[in-house]
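Line by line, the protein sequences give chains A and B. For the first sequence, the numbering used here gives the first residue as 0, with consecutive numbering after it. For the second sequence, the numbering used here gives the first residue as 2, with consecutive numbering after it. Take a look at the structure set out below.
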Amino acid sequence: MKITLNVWRQSSPQAAGAFVKYDVDGVSADMSMLEMLDVLNDRLESKGEAPIAFDHDCREGICGSCGFMINGVAHGPEKEITVCQTHMRSFKDGDELTLEPWRAMAFPVMRDLMVDRSAFDRIIQAGGYVSVRTGSAPEANATPVMKEHADMAFEAAACIGCGACVAACPNAAAMLFTSAKVSHLGLLPQGAPERDKRALDMVAQMDKEGFGHCTNHGECEAVCPKGISVNFIARMNRDLLKATLRSTR
Amino acid sequence: MSWLQSLYASTIGKKAVMAITGLIIFGFTLGHMAGNLLAFFGEDTFNNYAATLKGNPPLLWGTRLLLLTVIPLHFLTAFQLIKRSNDARPATYSKWQPQRSTYASRTIRFGGIYLLGFILYHLAHYTLFLTNPEFGGYHDAQGRHDAFRMVVEGFSNPVNVAVYLVAMLSLVFHLSHGAWSMFQSMGLNHPKYNQLRERAAWTLAIVLTVGFSSVPIAVLTGVVHR
Numbered sequence: 000m001k002i003t004l005n006v007w008r009q010s011s012p013q014a015a016g017a018f019v020k021y022d023v024d025g026v027s028a029d030m031s032m033l034e035m036l037d038v039l040n041d042r043l044e045s046k047g048e049a050p051i052a053f054d055h056d057c058r059e060g061i062c063g064s065c066g067f068m069i070n071g072v073a074h075g076p077e078k079e080i081t082v083c084q085t086h087m088r089s090f091k092d093g094d095e096l097t098l099e100p101w102r103a104m105a106f107p108v109m110r111d112l113m114v115d116r117s118a119f120d121r122i123i124q125a126g127g128y129v130s131v132r133t134g135s136a137p138e139a140n141a142t143p144v145m146k147e148h149a150d151m152a153f154e155a156a157a158c159i160g161c162g163a164c165v166a167a168c169p170n171a172a173a174m175l176f177t178s179a180k181v182s183h184l185g186l187l188p189q190g191a192p193e194r195d196k197r198a199l200d201m202v203a204q205m206d207k208e209g210f211g212h213c214t215n216h217g218e219c220e221a222v223c224p225k226g227i228s229v230n231f232i233a234r235m236n237r238d239l240l241k242a243t244l245r246s247t248r
Numbered sequence: 002m003s004w005l006q007s008l009y010a011s012t013i014g015k016k017a018v019m020a021i022t023g024l025i026i027f028g029f030t031l032g033h034m035a036g037n038l039l040a041f042f043g044e045d046t047f048n049n050y051a052a053t054l055k056g057n058p059p060l061l062w063g064t065r066l067l068l069l070t071v072i073p074l075h076f077l078t079a080f081q082l083i084k085r086s087n088d089a090r091p092a093t094y095s096k097w098q099p100q101r102s103t104y105a106s107r108t109i110r111f112g113g114i115y116l117l118g119f120i121l122y123h124l125a126h127y128t129l130f131l132t133n134p135e136f137g138g139y140h141d142a143q144g145r146h147d148a149f150r151m152v153v154e155g156f157s158n159p160v161n162v163a164v165y166l167v168a169m170l171s172l173v174f175h176l177s178h179g180a181w182s183m184f185q186s187m188g189l190n191h192p193k194y195n196q197l198r199e200r201a202a203w204t205l206a207i208v209l210t211v212g213f214s215s216v217p218i219a220v221l222t223g224v225v226h227r
């Protein structure tokens, strides 16, 4: 099939970007979105043009490296999936697709469809850790964990940090990401000692990075490739307010 | 920075302020609407209600001081959050398709700005008598302030009624999102009660809007008259 692309091209973080139109012929419905871009990049390179830069790694939808907007939706039209797992069968012959990078002050565009998401790493560094006993391995069943809590912690831990929540949020908020990270450790006994400190520090770092606030639109949940629920945002709000009231800070 | 200042500086703290101030304003509007409905019971009941409120300075001024604190705080915090949101996304998308957000959630800030203008007009109209200085001089047979006559004359003007009805329409959308959103902002979320939160928000928003709108419509259509 034939697909027309409007791709955001920007040569460097400082350069002004613009959309460039490409007609891509001979697209197979079995190609993934990224494979289609690989084909286009081969053609561009053979003509001596710069290939379109985009982040990717596992191409299995589990690493969180890839992601951009397809026609105004983070990761494209399919639910609970990343762009690498979005296949061209989701589109039809003659479709025109607009590919645009995540847009947020805290996610500066590095080049074309690539953004710098190190703000997420700094949020993790601020509190995404637990204290562990070093030395011999403890007895595996020494710490009981409620089944419901284990399941919820697992759901939160499914976050791959792709940044789609920030991209889709009208306020460019990182609340879904941060709340998933705060919750997946906070729900487990192993993460309990730092629960208050974690909420305070990770939220402070999230605010410092310049992300917006939550207006409960639910756009983040709708585009999350792991289907993480906005219920975690409420949980983080509760953790932060409780931590503020009872901590000695 | 004190803990209270750092809480207010955080995005979550500001949303908690929005939720608490919003809840207080919401509570006041419910009481206000119930009072307004007394207009259907005629001049004597309505003027007696108005005189009772005016005759209880601790209640009257307590409520006024509370509202003079929380309403400006609600708007100030909202403007700070809107600025923060705009700063968080300096370059906007050429294309953006909403997936989950609602008309109410996307327009809550615009409805809020209309309501701010409306509150100022409403105060100038019926509390400070700036738009109609003669309202202050109306007295009924018992010598009480004739609030009933003021309401009937005020709402005999269709332009006035239109301004009020548009405000009430803004209120229904503002509250249908705001009244459940405040639970989320305060961290009050539970799978058993989440659906109830949204239904209660819509129900109360509609009750308020219908209740408030009924008086101007009743006056304009002659159902309530002197």
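C-beta: ideal position from N, C-alpha, C; glycine also.
Just to make sure I have the definition right: I need the residues of chain A whose C-beta is within less than 8 Å of the C-beta of residue i. Which are they?
i: residue 96 of chain B; result: 68, 70, 71, 97, 99
i: residue 85 of chain B; result: 170, 211, 212
i: residue 200 of chain B; result: None at all; the shortest Cβ gap to chain A is about 16 Å.
Just verifying my parser: in three-state terms, what is the DSSP assignment at residue i?
i: residue 20 of chain A; result: strand
i: residue 105 of chain A; result: coil
i: residue 234 of chain A; result: helix
i: residue 7 of chain A; result: strand
i: residue 198 of chain B; result: helix
i: residue 191 of chain B; result: coil
i: residue 225 of chain B; result: coil
i: residue 95 of chain A; result: strand
i: residue 145 of chain A; result: coil
i: residue 145 of chain B; result: coil
i: residue 58 of chain A; result: coil
i: residue 186 of chain B; result: helix
i: residue 110 of chain A; result: strand
i: residue 0 of chain A; result: coil
i: residue 19 of chain B; result: helix
Going by beta-carbon coordinates alone, are residue i and residue j separated by less than 7 Å?
i: residue 210 of chain B; j: residue 164 of chain B; result: no
i: residue 201 of chain A; j: residue 126 of chain A; result: yes
i: residue 109 of chain A; j: residue 50 of chain A; result: no
i: residue 217 of chain B; j: residue 119 of chain B; result: no
i: residue 74 of chain A; j: residue 222 of chain A; result: yes
i: residue 215 of chain A; j: residue 177 of chain B; result: no
i: residue 20 of chain A; j: residue 40 of chain A; result: no
i: residue 145 of chain B; j: residue 57 of chain B; result: no
i: residue 40 of chain B; j: residue 225 of chain B; result: yes
i: residue 112 of chain A; j: residue 18 of chain A; result: no
i: residue 28 of chain A; j: residue 87 of chain A; result: yes
i: residue 168 of chain A; j: residue 218 of chain A; result: yes
i: residue 188 of chain B; j: residue 197 of chain A; result: no
i: residue 185 of chain B; j: residue 233 of chain A; result: yes
Comparing the C-beta of residue i with each C-beta of chain A, is any distance below 7 Å?
i: residue 188 of chain B; result: yes
i: residue 145 of chain B; result: no
i: residue 193 of chain B; result: no
i: residue 196 of chain B; result: no
i: residue 182 of chain B; result: yes
i: residue 176 of chain B; result: no
i: residue 24 of chain B; result: no
i: residue 8 of chain B; result: yes
i: residue 157 of chain B; result: no
i: residue 171 of chain B; result: no
Going along chain B, which residues have a C-beta under 8 Å from residue i?
i: residue 234 of chain A; result: 188, 190
i: residue 202 of chain A; result: 11, 12, 13
i: residue 167 of chain A; result: 100
In chain A, which residues lie less than 7 Å from residue i when you measure between Cβ atoms?
i: residue 91 of chain B; result: 104
i: residue 203 of chain B; result: The premise fails here: residue 203 of chain B is roughly 15 Å from chain A at the closest Cβ pair, so nothing lies under 7 Å.
i: residue 17 of chain B; result: 240
Under 9 Å Cβ-Cβ, which residues of chain A neighbour residue i?
i: residue 82 of chain B; result: 170, 211, 212, 214
i: residue 4 of chain B; result: 243, 244, 246, 248
Which chain B residues are close to residue i, counting only those with a beta carbon under 9 Å from its beta carbon?
i: residue 222 of chain A; result: 100, 101
i: residue 18 of chain A; result: 95
Spell out whether any CB of chain B is found under 7 Å from the CB atom of residue i.
i: residue 239 of chain A; result: yes
i: residue 177 of chain A; result: no
i: residue 133 of chain A; result: no
i: residue 29 of chain A; result: no
i: residue 243 of chain A; result: yes
i: residue 206 of chain A; result: yes
i: residue 230 of chain A; result: yes
So with CB distances below 7 Å, who are the chain B contacts of residue i?
i: residue 217 of chain A; result: 101, 102
Within the 7 Å Cβ cut-off, does residue i reach chain C?
i: residue 116 of chain B; result: This model lacks chain C altogether, as its protein chains are A and B.
- Message: Whether or not the segment 156 to 164 of chain A and the segment 112 to 120 of chain A are in contact is what I'm after, with contact meaning three or more pairs of Cβ atoms, one per stretch, closer than 8 Å; do they touch?
- Response: yes
- Three or more beta-carbon pairs under 8 Å between the segment 101 to 117 of chain B and the segment 182 to 195 of chain A, yes or no? no
- Query: Between the segment 204 to 221 of chain A and the segment 127 to 137 of chain B, do at least 3 Cβ pairs fall closer than 8 Å?
  - Reply: no
- Message: Quick test of the definition: if touching needs 3 or more C-beta pairs under 8 Å, does the segment 74 to 86 of chain B touch the segment 18 to 30 of chain B?
- Response: yes
- Message: Pairs of beta-carbons, one from the segment 62 to 73 of chain A and one from the segment 128 to 138 of chain A, closer than 8 Å: are there three or more?
- Response: no
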